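Under the numbering used here, the first residue of the sequence shown is numbered 680, with each subsequent residue one higher. Here a beta-carbon is modelled for each residue, glycine too, at the ideal position from N, C-alpha and C. All values derive from a computational prediction rather than experimental measurement. See below for the structure under consideration.
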Amino acid sequence: MKLPTRPITRLSKRCCARLPAACRYATTQTTAAGSAPGSSGPSPSSNRIKIVEVGPRDGLQNEKKSIPLATKIELIERLAKTGVSTIEAGSFVAPKWVPQMSNSAEILEHVLAHRVASREPISYAFLVPNSRGLADATAILQQHAGAFVASLPTAGNAGGGPETTLSPLPAVELAVFAAATETFSRKNLNCDVATSLERFRDVIRTAKETQAAADGAPLRVRAYISVVLGCPFEGYDVDPRRVAELATDLLEMGADEIALGDTTGMGTAPRTKELLRCVTAAGIRHEDVALHLHDTYGQALVNTAVALEHGIRTFDSAVGGLGGCPYSPGATGNVATENLVYFLESLGMDTGVDLDAMADIGQWITAEIGKANDSSVAVICLPCTHKALAHVPTTMPAIRLGTCSPATADTPAETLAILEDFTKRAAAEKVDILLFPEAFLGSGYPRGEDFGCAIGSRTPAGREAFLQYFRRAVDLGDVVGDAGAGGGRDWVERRGRFADEAASSAAGTAGDGTRETLERVARETGVFIVSGAIERAGGSLYCSVVYVCPKRGMVGKRRKVQPTGSERLIWAAAGPATLRAVSTVIRGVRINMAAAICWENYMPLLRQSLYAQNINLYLAPTADGRDAWLGLLRTIGTEGRCFVVSSNMCTTAESTESLAADGTATTTAEAAVPAEARLSRLTTRGGSAVVSPFGDVIAGPQWDDARGIVFADVDFDDCIRGRLDIDMGGSYSRNDSFKLSVEGLDLSPLPHGIDDRTARGRYRVVVVLGEEAAVGGGATAAATAAAARHHSTASLAAVLAAVEADDSGVHVIRSTGTSPHANLAVEQRLLERSRAASRVLFQYHNGPCVVMGRNQNPWAEVAVRRLRARDVALVRRRSGGGAVYHDGGNANWSVLGPSAGFDRDRHVVMVARALQRLGVSSARVNERHDIVVGGVEEDKDSPDRETAYKISGSAYKLTRHRALHHGTCLLGTDLTAVSGLLRSPAAAYVLARGVASVRSPVRNIDIATRDGIAPAARFAAAVTREFEALYGRAASHSIVDVDCEAAAGFAFDPVLARGYAELMTPEWIYGQTPQFSFSTHPSDEDPRDRPPPPPTVPPSFRLAFTARHGRLHDVVLSGLPYLSPGDDLTTAAADRSLAAALDGRPLYEIYNWQHVLAQASIQPLDAVAVAATGAWLDGLLGVATGGTAATA
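In structure tokens form, the structure reads like this:
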């Protein structure tokens, strides 16, 4: 990254100790850096950063709890003393819509009447969404005329020390708020984008006309554009060119600055780069642009780095990471100011912000409003107050493990509400993983019930009680399965029958909705939930444990293999295949977890089956509240060298219920047996606890507390430290002498540490928290989590290696990159490296481009010059077929398999079947192997019959052992671009030998968004299901970011790197064109009529040539008038000389025909005639919008 360099001067003393010595002891010399006159922000060449603190407005506006005015004013005044220069203080919006902002008028009056002691001149910004809000704000400003200025003086020495002095007159600026998508605009502003712009035009004009500032200047107006990198309703595919147009419109209305808002945190580095490129291309200065980033997917600082490299120097942030998007469930707040300052200063940039002071404010305000502090830097900077932090070394980030002891409620719905409440409170305490008790969800643990059973006898009342107990169990949409093991990965990933059942149900679920509720709670809170449940499947009940990830949803479930004692009356035993471990990564720490339920923990071989999988987190939900249980946990921790978390209900005689014969729930006081006689067996005191790998109890035991949460901050490196002397998952088990095998369970150890390699077989599910790569293809934030649930994020090198090593396996790979050159290069490399008998499905979306077949002629197929003008790439693939327009709405699928027995229809039928499952009932394959919908095929004999529309075409390539078959599907592409780009103006003059495209009427298909999952994600999942139905369950599902890999030059694979580079060369794109001829007039070889040239072209002008490998040969040229015409012989000689000068020249390097003709002629040409002729030829054959003399 090319950034201005500056020694670190502002980093917190508490944070500097963690930096390399070279940084800690850097000289503190600073340089003055300011803004260019008239600019909104610092110069792009400056190392001065302007931070706009948005916590008081954007950070607080969505809080449900009313925050006192005094707290807001204290927050603003404390922030003013940290060195920030702009604070977004309030919003003049209708209180019924945003009650939290109802006292913004009082805040404005306060900052105007009370000058704050600060280190920098302060500007206060207030949002005015409409004329009413503007009127309310300007009325106050008129009352305090002369008490503020419209703009602050240019900053001088930004590193001017910690002194706090009385600020000069504050500045006041206003802000409007537009949206980049129509749906978000309607949801947020109750109008479409065009209407909102008309409103803002009046607001901005009126604001500029307000004369109340002491400096006599018009008020500054900032214009936000929200959801510029992803919309919760319309997905990822927000058009950056549309954003640039909106920004241009707002600036033309008089806005002084554009704040580009990644409201949902869906932005990634490549799309941020593309957005800023489009904004720059629209003529907008970097100084007039700010970035407003949310950190939902942990990408805010990555996108900040991209913006810095692009020249952006103004960034919004919120102290403590306050905020969120009310229209995007699960979206976290703004990037934390503390994190942003630390990041920027570590790069040598100058923010002028006191990080220690900012961290203190973040801790204070989050505690005041009862929210978690989302600043990781603040956690490091602030003194550690929790007792468990004292023992945590700093070699790995601390992970907070939590447990609790709630009792099951009267109904499953009430129990889920309890779980949600506990999880939200755990999130406020920054708990990462939270465990709930055995049998917590559903029917609960039936302590003391006998269901009328004795040896050889069952009573009717007992059967009725069992019926009611059965009905209260949760239905997770699973089946009994082999040996009671359920549906396994198919259930987890909603594949096959489970997807069909969910799609066919009215609620869109395969069960009673419990699974979806758990996934929602985890997603909204960011807590990884593990809970016990009583689950019904078929006619049986199972005591189960579910693993629910906040990013990927349900990632695992297991069932108790051996119910204890009389539990066997009501709970079925499950197969041991469910003892599979689950792997996740939280803040860079890999956690391999598995659960043993209650007295399964007394089964030594079962414990060993978990140790063998290399777990470092052992979960033990239980119903055992005896003192002896804690001793067992300590043994497990010591024995397995893993952290152990246990959870048990805390119930009392009053809270424990009995099922009456009529099915109603009665308390024990109402039961037939006196409470005194049953108290000892009807109560359990809880005892939930956390134990270290050395057997120490580090949280709990939680006795007699059904409402609290106990937790400990742990260092998972302690597990490795403990394995210095005992390793039950490795050599200490002496697996050379003692053999353990478990029916249906792979005991291969999970990887340790941070490892992005895709594990084989069932261990492919690797959940990444806090480091999630954004998934493209038009998914919303919720859809991204759902789509990504099926995949692991992996390096491309690891994926290629895994495919290459698998002789006959099935693999599914999805690319999140949009570079067509990178996607096609990877596709080709998969063809080369995959084994002869293996099957691979590769799915991706490309950015705007036209992809033509290996043997096609660009001058005959596409409007080459128009492509460049619209910034659409021209790409030549290595397979055959016709030319296709691509953008984010055109999904690509590619199947690689053995060449023997290759059947082109097999895979298009596969895709058609996937579309039919998605509700596109008319999808079918025609005789040209295309997928069409609607009507019937064109019939010349019946012109009135309805036309079928093509939605998918495909092409293939065969090698000796392998076949590549790839195609597209129109989900939401810009069809207006297709006809304009896929029609060459030179086609009538070109006689080509290459493959011509077959033109067909096309249209997009209509796939609805369901459960927040966008059409692109649903299509990818449906194709994956059909692919696995054809070839069997995939051994790996992987996500790769080919754009990032390409940016690194594919350094791990030189062959791939060369192939990628070749695809972008003119020699490949144009030089691979099969031989063709061009002539402006009919000839014996090509007697077709030609469209007449423009009247400004000399009527006598003739040009003909043959092009081989894109180079001109056999050039014949005549008819251009010369300034000094000679006789016919002289003119003919000049024409031959001019033609000879063109011979051998690459056609694709001629950017300006006028210049080429004028320079190559030995006789001066008539300027007007050659200009007209050159312009005409440029339109027919030109490959760029312009060129220099050197390139021409």
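Close-in-space but distant-in-sequence residues of the same chain around residue i (CB under 7 Å, 5 per side omitted)
i            : result
residue 1608 : 1583, 1584, 1587 and 1633
residue 1791 : 1784, 1821, 1822, 1823, 1824 and 1826
residue 1688 : 1694
residue 812  : 771 and 772
residue 886  : 813, 853, 898 and 900
Residues near residue i by beta carbon distance below 6 Å, same chain, minus five either side
i            : result
residue 1204 : 1102, 1103 and 1106
residue 1854 : none
residue 1313 : 1370 and 1374
residue 738  : 997, 1001 and 1002
residue 754  : 735 and 1044
residue 893  : 825, 828 and 848
residue 779  : 739, 740 and 742
residue 855  : 879, 882 and 902
Segment limits, alpha helix (DSSP H) that includes residue i
i            : result
residue 1584 : 1583–1596
residue 1382 : No alpha helix (DSSP H) holds residue 1382; the beta strand (DSSP E) holding it covers 1376–1382.
residue 1146 : 1139–1150
Nearest neighbour of residue i, chosen from the options [CA to CA]
i            : options                   : result
residue 791  : 876, 891, 730 and 861     : 891
residue 1552 : 992, 943 and 1543         : 1543
residue 732  : 1330, 1247, 1189 and 767  : 767
residue 925  : 915, 913, 912 and 940     : 940
residue 1695 : 1803, 1597 and 1707       : 1597
residue 1365 : 1388, 1377, 1326 and 1392 : 1326
residue 1298 : 1207, 947 and 1383        : 1207
residue 1556 : 1593, 1567, 1177 and 1501 : 1501
residue 1878 : 805, 1517 and 1775        : No statement about residue 1878 is possible, as the shown extent of the chain runs from 680 to 1871 and does not include it.
residue 745  : 1048, 736 and 1647        : 1048
residue 1386 : 1082, 883 and 1562        : 1082
residue 1530 : 786, 1742 and 1604        : 1742
residue 1628 : 1648, 1507 and 1152       : 1648
residue 729  : 859, 1678, 990 and 749    : 990
residue 1631 : 1564, 1391, 1384 and 1273 : 1564
residue 763  : 780, 782 and 803          : 803
residue 1114 : 1197, 1138 and 1157       : 1197
residue 1200 : 1086, 1522, 1099 and 1400 : 1099
Bridge-paired residues (DSSP) for residue i
i            : result
residue 1392 : 1079
residue 877  : DSSP, once it has assigned bridges, lists no residue as partnering residue 877.
residue 729  : 993
residue 1300 : 1326
residue 1217 : Paired residue(s): none; residue 1217 is not in a bridge.
residue 1572 : 1522 and 1646
Assigned exposure category for residue i - 16 Cβ within 10 Å defines buried
i            : result
residue 838  : Residue placement at residue 838 is flagged as unreliable, the pLDDT there being 38, under the threshold of 50; the coordinate-derived value follows with that caveat. Buried, because 16 or more other Cβ atoms sit within 10 Å of the Cβ of residue 838.
residue 1290 : buried
residue 1193 : buried
residue 1612 : buried
residue 1770 : exposed
residue 810  : exposed
residue 775  : exposed
residue 1283 : exposed
residue 1388 : buried
residue 708  : With a pLDDT of 27 at residue 708, under the threshold of 50, the modelled position of this residue cannot be trusted; read the value that follows with caution. With fewer than 16 other Cβ atoms within 10 Å, it is exposed.
residue 1636 : buried
residue 974  : buried
Extent of the continuous beta strand (DSSP E) run through residue i
i            : result
residue 1364 : 1363–1370
residue 1280 : That residue, residue 1280, is in no beta strand (DSSP E); it is neither H nor E in DSSP.
residue 1327 : 1322–1327
residue 741  : Where residue 741 is concerned, there is no enclosing beta strand (DSSP E), given that its DSSP letter is neither H nor E.
Spatial neighbours of residue i in its chain, beta-carbon cut-off 8 Å, leaving aside the 5 residues before and after
i            : result
residue 1546 : 1529, 1552, 1553 and 1660
Cβ-heavy atom distance, residue i to the ligand MN, below 6 Å
i           : result
residue 777 : Only the bare structure without any ligand can be found here, which leaves the ligand MN out of the picture.
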